[in-house]
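Q: First the structure, then my questions, so here it is.
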Amino acid sequence: MVLDCGRKPENQHASCRKTPSWDSKPRTTFYQLLHHTTSRSQWHHLLLHGVSVIHIGDQQGSLQPPTFPIPSLPPGTLSLTTRTMASSADRNPPPFPASEEPQPELSDMAEGDSDEGEDIFVSNSHPASVSRGVSQPEEPADLFSEEATTTAKPNGVHSDDDDLFAEAQADLSSDPSSDSTRKDLSSSSGPPSARSPAALQPTSLEQLEEDEAKDIFDVDVAVTNPEKVGDGMNAYVAYKVSTRTSLPMFKSKAFTARRRFSDFLGLYEKLSAKQSLHGCIIPPPPEKSVVGMTKVKVGMDDPSSVEFVEKRRAALERYLQRIVSHPLLLQDPDVREFLERDDLPRAVNTQALSGAGFLKMITKASDAVSKMTIKMNESDTWFEDKFQEVDMEEQQLRKLHAVVDSLVNHRKELCMNTAVFAKSMAMLGNSEDNTALSRALSQLAEVEDKMEQLHQEQAGSDFFIFAELLADYIRLLGAVRGCFDQRVRAWQRWQEAQSTLQKKREAEAKLLWANKPDKLQQAKEEIAEWEAKVTQYERDFDRIGMTVRKEVLRFEKEKAKDFKSQIIKYLEAMLQSQQRLIKFWEAFLPEAKAIA
Amino acid sequence: MQQEGLDDGPDFLSEEDRGPRAVNVDLEMDATLQVDISDALSERDKVKFTVHTKSTLPNFKQNEFSVVRQHEEFIWLHDSFVENEDYAGYICLVLCLADPRPDFDASREKLQKLGEGEGSMTKEEFTKMKQELEAEYLAIFKKTVAMHEVFLCRVAAHPILRKDLNFHVFLEYNQDLSVRGKNKKEKLEDFFKNVVKSADGVLVAGVKDVDDFFEHEKTFLLEYHNRVKDASAKCDRMIRSHKNAADDMNRIASSLYTLGTQDSTDLCKFFLKVSELFEKTRKIEARVAADEDLKLADLLKYYLRESQAAKDLLYRRSRGLVDYENANKALDKARAKNRDVLQAETNQQLCCHKFEKISESAKQELIDFKTRRVAAFRKNLVELAELELKHAKGNLQLLQSCVGVLKGNT
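Which chain is which? The protein sequence lines are A and B, in order.
The working numbering applies: residue 1 is where the first sequence begins, and numbers increase by one.
The working numbering applies: residue 597 is where the second sequence begins, and numbers increase by one.
In structure tokens form, the structure reads like this:
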């Protein structure tokens, strides 16, 4: 090929035509806080939506007015707590039809001055509102004050977040992007505790909730302190699971338990067995890793083991957070038991080579076969389209994940090579006999050393933020597909029941014709039984269909939020990296200029 | 003199200072003799350089003229210096390239593979990869040009070598110099010569030098050379990793783009923006790697070879010393036997003279080498730091504006 190269200087890669403007405005406080906060999606939820929700009475009938002391509210938290009430209302599972009624009347009053609160709340506490467990005017105020305090301590065990959060509240209320109703509430902040003005807000917020459908929850879990227990091949790593909550269904407000990895898997098994019948999307736990675990068993000291344990800890934390943020799963007693109980029976059926393990494999195989045999007659194209979408997305996420993985590896390589180069530069600087140059070279070696650290951190962020996000969602999409499968299975059950019913009817007809009255009675009973089953299964199928739809929508919302928040966090980490890089080179420049 | 290349990708922007001078700073750009490579053409196997000279020296027919030269002719010129005994006392100017062709081959191969794999990628991916490969090819090409130019400039700046007749012929003679590359026999001879030389070098290096200056220089150069070699290799590896990471970001950008074009939801728009960011940030990262390559890696490579050349100079001097001492011994023996005294005397005088000449010029050369080295490092390190800062600030701004936009939308 003929390539005509003009007389070009070497450094043409270097200069940019545009000179960037350095006077970009500093970010608002809010964002700086977001930036400072801990790395959990919960935190993101809290800050963006301001608050955690309090379920007042999560199950029909199980409502005892919580007895909370009256702490003093930090200023500004009031507005936020009120929002939670409304949101929770929407999130309550179906058995709350009665509570819907009083809301409209409250909503009218919600527009008004927040000072009216007390009376309104009392009115709210008739019919089903009793279910909210606020029989006396004092209680709700107390409840809210308690809520407020709890919300004031958002994420897990970091007490220094309190101040940040309080600040965030103030900023949030001044956040221009919030809608008008929110502004009303914010403006009502100021008067402290025991004011049931809070009570007024719920209804308007509830309406809000339906429009905005925010995602709020008030159980906060953290997985920390991985510790190796035992020795040799029987060793395992125990994690501390801490929960903070104000839900009444839990025995106390803050508690911890020590759990090992198989416990988490066991929880997943139990949930799948039960909840999958309803079509829920159950967040899957992180995968088992024989190689990783063996290394840890042998010794926890080398960097790859440390990384492995950290990766697992973070994944387990996200797993639990997803579970508790799911309204249905949170109600499951198994989840409660997992979080609360001191000693959990060993989940042996999670071991790969156990009898239960084999059983699982066989069931899976048979399921797959049965799925293939009866092709579902899809009346609703929504499901088919969604399924395709999910499939496609999973493929693309896999591709992206592979590339991000490659990036992580290359950065680690870069890190190593930079370190080696730094040493080599230092040696060169030593042998250089011009003192200024020698010093400059040593400085360069130091800069490169710092760069190595930077690359190390960047690789960490690449991995823990970006790659793990993708891996999580690849697994979650698998779970989504699983719940679609559940629906298909429900349909199959229904169809089978129908065909059995048909057969029974034919049998009855035959008996009728053959005139055997004794067997006839039995046949009639069987028919009745199967008719009931058919209706039951049909209802099940419809119900699953609805749940699946709801779940998928909720999942998509979560996913959008999660991706956005994590990617922004990742970009911010990159940003920080660049800032530090600038500092390093700025420090080096005068040294280089000083060479004479 | 600066013409834009035809295949200029968007990445190659013009830069104010002259490239090859970047490595060697204090070349006297006096008006008496200025040499540069104004153009270059790549034709299948060969590269043709247009050497442009501006001179006020009387021995040239014109004040400004150009000739076309090929790589082999450069090698010929270099070798003529090396083989010239008179120039033994000078650091033989380094022709920094062994053979440019392999690099081109690699790029051409990749381009071919790309053409074959056309069906398996999307149109965007294909065009993008093609652009990248072309850019790579162009980069290597430009480096080659630069290296040849540095060589010529060094010769032109050297007070003695610039007067060399061969050099003038090289610059002026506008016909083909008809130098043929070394045939197999000559290459073999060279190889053996090198073997002998290195063995000899070891012997000679053992001779302790009386002169402190040279003794010091010897130890210094030995150590320095080794360390520069080490640093150069590691620098290359580091830059390679950096380029790999930048490539990965490119693929991430395309992947995100595919995700973003699935739908028109908020999330998809988000993906598209992030994909754009990755594209831009990757370009900056690639430029950072390229600049590091230019300012640091090339610098180290150059001084690796220069320090080798300096070592060679010292070797020649030591060789001269040994010859001188041998001549002395021969003279003594001849005097003792009273035979061939005159011959021995003249021989001894010759060796003495040669040795002294080399010593003198070598001393000057080595001092110059030091000065040049310090200056070159200073220039390159300063430029490296400035470029790193520039790019980091650009990157930072990019990230800040993107994050601002993304947060504003959520």
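Glycine residues also receive a C-beta, built at the ideal position from the N, C-alpha and C atoms.
Here's the rule: buried if 16 or more other CB atoms are within 10 angstroms of the residue's CB, otherwise exposed. What is residue 298 of chain A?
A: Looking at its Cβ environment, which holds fewer than 16 other Cβ atoms inside 10 Å, residue 298 of chain A is exposed.
Q: Secondary structure at residue 859 of chain B, three-state DSSP: helix, strand or coil?
A: Reduced to three states, the DSSP call for residue 859 of chain B is coil.
Q: Taking DSSP as the reference, what is the three-state secondary structure of residue 674 of chain B?
A: Looking at residue 674 of chain B - three-state DSSP - the assignment turns out to be helix.
Q: Note the first and the last residue of the continuous beta strand (DSSP E) segment covering residue 555 of chain A.
A: Where residue 555 of chain A is concerned, there is no enclosing beta strand (DSSP E), although the alpha helix (DSSP H) it sits in stretches over 517-593.
Q: Report the three-state DSSP secondary structure of residue 651 of chain A (helix, strand or coil).
A: Outside the modelled stretch of chain A, which goes from 1 to 596, sits residue 651 of chain A, for which no answer is possible.
Q: What three-state label does DSSP hand residue 235 of chain A in the structure shown?
A: Of the three classes helix, strand and coil, the one that applies to residue 235 of chain A here is coil, per DSSP.
Q: Does the beta-carbon distance from residue 733 of chain B to residue 957 of chain B come in below 8 Å?
A: No, they are not a contact pair.
Q: Which chain A residues are close to residue 984 of chain B, counting only those with a beta carbon under 8 Å from its beta carbon?
A: Simply 581 and 585.
Q: Give the single residue among B/951, B/890 and B/654 whose Cα lies nearest to the Cα of residue 739 of chain B.
A: Of the listed residues, the one whose Cα sits closest to residue 739 of chain B is B/890.
Q: Is the Cβ-Cβ distance between residue 253 of chain A and residue 259 of chain A less than 8 Å?
A: Not in contact: residue 253 of chain A and residue 259 of chain A (Cβ atoms no closer than 8 Å).
Q: Residue 783 of chain B by DSSP, collapsed to three states: which one?
A: Residue state, collapsed to three classes: helix.
Q: Going by DSSP, what residues sit across from residue 318 of chain A in a beta bridge?
A: According to DSSP, residue 318 of chain A bridges with nothing at all.
Q: Hey, how far is the Cα of residue 418 of chain A from the Cα of residue 831 of chain B?
A: Going by the C-alpha atoms only, they are around 8 Å apart.
Q: Let me know if residue 633 of chain B comes out buried or exposed under the rule of 16 or more other beta-carbons within 10 Å of its beta-carbon.
A: So residue 633 of chain B ends up on the buried side.
Q: Shortest alpha-carbon distance to residue 405 of chain A belongs to which of A/465, A/281 and A/420?
A: Selected option, being the one with the closest Cα: A/465.
Q: Please identify the residue among B/665, B/812 and B/650 whose C-alpha is closest to the C-alpha of residue 659 of chain B.
A: Ranking B/665, B/812 and B/650 by Cα distance to residue 659 of chain B puts B/650 first.
Q: Please decide whether residue 966 of chain B counts as near chain A, where near means a Cβ-Cβ distance under 8 Å.
A: Judged by the 8 Å Cβ criterion, residue 966 of chain B is in contact with chain A.
Q: Go ahead and label residue 809 of chain B buried or exposed: buried means 16 or more other beta carbons lie within 10 angstroms of its beta carbon, across all protein chains shown.
A: So residue 809 of chain B ends up on the exposed side.
Q: Scan the stretch 422-483 of chain A and note each continuous alpha helix (DSSP H) run of 4 residues or more that stays entirely inside, going in chain order.
A: Segments of the alpha helix (DSSP H) lying fully in the stretch 422-483 of chain A: 435-461.
Q: Work out the CA separation of residue 743 of chain B and residue 420 of chain A for me, nearest whole Å.
A: Each residue's Cα considered, the two are about 27 Å apart.
Q: Would the stretch 309-317 of chain A count as touching the stretch 216-236 of chain A if we require 3 or more Cβ pairs under 8 Å?
A: With a cut-off of 8 Å, the stretch 216-236 of chain A and the stretch 309-317 of chain A count as touching, because enough Cβ pairs lie within range.
Q: Taking the beta carbon of residue 952 of chain B as the centre, do at least 16 other beta carbons fall within 10 Å, making it buried, or is it exposed?
A: It counts as exposed.
Q: Under the three-state reduction of DSSP, which class applies to residue 596 of chain A: helix, strand or coil?
A: The answer is coil: DSSP assigns residue 596 of chain A none of H, G, I, E or B.
Q: Residue 998 of chain B versus chain A: which residues are under 7 Å apart at the beta carbon?
A: By Cβ distance, chain A contributes 571.
Q: State whether the stretch 585-592 of chain A contacts the stretch 973-985 of chain B, with contact taken as three or more CB pairs (one from each stretch) at a distance under 8 Å.
A: Contact between the stretch 585-592 of chain A and the stretch 973-985 of chain B is present, because at least three Cβ pairs lie under 8 Å.
Q: Hey, residue 1060 of chain B and residue 944 of chain B are a contact pair by Cβ (cut 8 Å); roughly how many whole angstroms apart?
A: The structure shown has nothing for residue 1060 of chain B, since chain B only spans 597 to 1006.
Q: Using beta-carbon positions only, say whether residue 842 of chain B and residue 881 of chain B come within less than 8 Å of one another.
A: In contact: residue 842 of chain B and residue 881 of chain B (Cβ atoms closer than 8 Å).
Q: Going by C-alpha to C-alpha distance, which of A/395, A/430, A/519 and A/295 sits closest to residue 231 of chain A?
A: Checked all of A/395, A/430, A/519 and A/295; the closest Cα to residue 231 of chain A is A/295.
Q: Would residue 725 of chain B count as contacting chain A if we go by Cβ distances under 8 Å?
A: No, because no Cβ of chain A sits closer than 8 Å to the Cβ of residue 725 of chain B.
Q: How far does the alpha helix (DSSP H) with residue 919 of chain B in it reach, from first residue to last?
A: Where residue 919 of chain B is concerned, the enclosing alpha helix (DSSP H) stretches over 894-933.
Q: By the three-class DSSP mapping on this structure, what secondary structure does residue 987 of chain B have?
A: The answer is helix: DSSP assigns residue 987 of chain B an H, G or I state.
Q: How long is the line joining the alpha carbons of residue 678 of chain B and residue 769 of chain B, rounded to whole angstroms?
A: Rounded to the nearest angstrom, the two C-alpha atoms are 21 Å apart.
Q: Rounded to a whole number of angstroms, what is the C-alpha to C-alpha distance between residue 837 of chain B and residue 844 of chain B?
A: Approximately 11 Å between the Cα atoms of the pair.
Q: Straight-line CA distance for residue 333 of chain A to residue 484 of chain A?
A: Roughly 24 Å separates the two Cα atoms.
Q: Between the stretch 535-567 of chain A and chain B, which residues of the former have a C-beta closer than 9 Å to a C-beta of the latter?
A: Taking 9 Å as the Cβ-Cβ cut-off against chain B, the residues of the stretch 535-567 of chain A that qualify are 556, 559, 560, 561, 563, 564, 565 and 567.
Q: May I have a chain-ordered list of the alpha helix (DSSP H) segments no shorter than 4 residues that lie completely inside the stretch 864-888 of chain B?
A: For the stretch 864-888 of chain B, not a single whole alpha helix (DSSP H) run of length 4 or above is found.
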